[in-house]
Structures are given as structure tokens and as C-alpha cells.
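A short write-up of the structure that comes next.
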Amino acid sequence: MLLVLAFQMSAGFLVAPVHWLAAALLVCSFMVLTQPSVCAARNLHKRSFHELGCRGNFEQSYLARLERVCEECYQLYQNPEAYNLCRDNCFKNEYFLKCAEALLLKDEMDSLKSKVDYLYSR
Numbered sequence: 326m327l328l329v330l331a332f333q334m335s336a337g338f339l340v341a342p343v344h345w346l347a348a349a350l351l352v353c354s355f356m357v358l359t360q361p362s363v364c365a366a367r368n369l370h371k372r373s374f375h376e377l378g379c380r381g382n383f384e385q386s387y388l389a390r391l392e393r394v395c396e397e398c399y400q401l402y403q404n405p406e407a408y409n410l411c412r413d414n415c416f417k418n419e420y421f422l423k424c425a426e427a428l429l430l431k432d433e434m435d436s437l438k439s440k441v442d443y444l445y446s447r
């Protein structure tokens, strides 16, 4: 009887953390999947380059930097539409510039515009 009681106590002790772990994993998975950065980081290849409307030269590091500006803008405003508008037309739009400005990237603005032009035009 004492052995059964000890087993039940240890089994009960293990079940509770497993339930908490499963719940925490589910919550974390949901949070990760709803963040645009996860999807964007996964899709920084040539196909997404064309889907963005880019017609120029493909440079993954440039694309990653510009994507990051839009991701940070999303984090700032928590608005998925702002993220999509920022990326519209291969980042060659007013929303992208406003996002960069809101993120206090004025010192980097010329470099960002140069990257946009490189990706956008042939």
C-alpha cells in the first residue's frame, strides 16, 4: 500500500508539470506563429522577392534589412496592415519611409533608400 501511494504521489507530481509544459508550449507556439517575423524570416528567398513586386537585383541581406524595418514597425504599432503596407511595391512606398522615420532611422535613411532602389529596379 505504501509503495502504491508513493507511486501515485510521484505520478501525480509528474502529471502536473507535463500539463503545464504542454499549455506553455501551446501558448508559445501560438505567439510565434502570429508574429510576422517568423514568416518573414522563413521566406527571405527569391520567390518572396518577386511576390513583393521586386524587379531588380536579388540581395538577401538587403531584403532581410528592409523586412526588419517593417517587422519593427509592426512591433511598434501592433498593426498587421502597417506591416503589409510597409512591404508593398518592394518597399518603395511612403509607408516604408514613415516606418523608418518612426523607428528613428534617419541616419540610415540614405542606405535604406539605396537598398530599396537596388531591389526594386533593374
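Following this note's numbering, the residues of the sequence shown are numbered contiguously, the last one being 447. C-beta atoms are modelled at their ideal positions from N, C-alpha and C, and glycine is treated no differently.
Taking Cβ positions, are residue i and residue j nearer each other than 8 angstroms?
| i | j | result |
| --- | --- | --- |
| L444 | G381 | yes |
| A427 | L391 | no |
| L441 | K417 | Per the sequence presented here, residue 441 reads as Val, with Leu not at that position. Cβ atoms of V441 and K417: closer than 8 angstroms. |
| C395 | R412 | yes |
If we ignore side chains and look at the alpha-carbon of each, how far apart do residue i and residue j end up?
| i | j | result |
| --- | --- | --- |
| Y408 | Y399 | 5 angstroms |
| N439 | E406 | Rather than Asn, the amino acid found at residue 439 in this sequence is Ser. Spanning the two alpha carbons is a distance of roughly 24 angstroms. |
| F421 | S446 | 17 angstroms |
| Q403 | E397 | 9 angstroms |
If you measure from the beta carbon of residue i to each beta carbon in chain D, is any gap under 8 angstroms?
| i | result |
| --- | --- |
| M434 | Note that chain D does not occur in the displayed structure, where there is just one protein chain. |
Under a Cβ-count criterion, where at least 16 other Cβ atoms within 10 Å of its own Cβ denotes burial, should residue i be classed as buried or exposed?
| i | result |
| --- | --- |
| A389 | exposed |
| F374 | buried |
I'd like the list of long-range same chain contacts for residue i, defined as Cβ closer than 7 angstroms, with 5 residues on each side in sequence excluded.
| i | result |
| --- | --- |
| Y387 | K440, Y443 and L444 |
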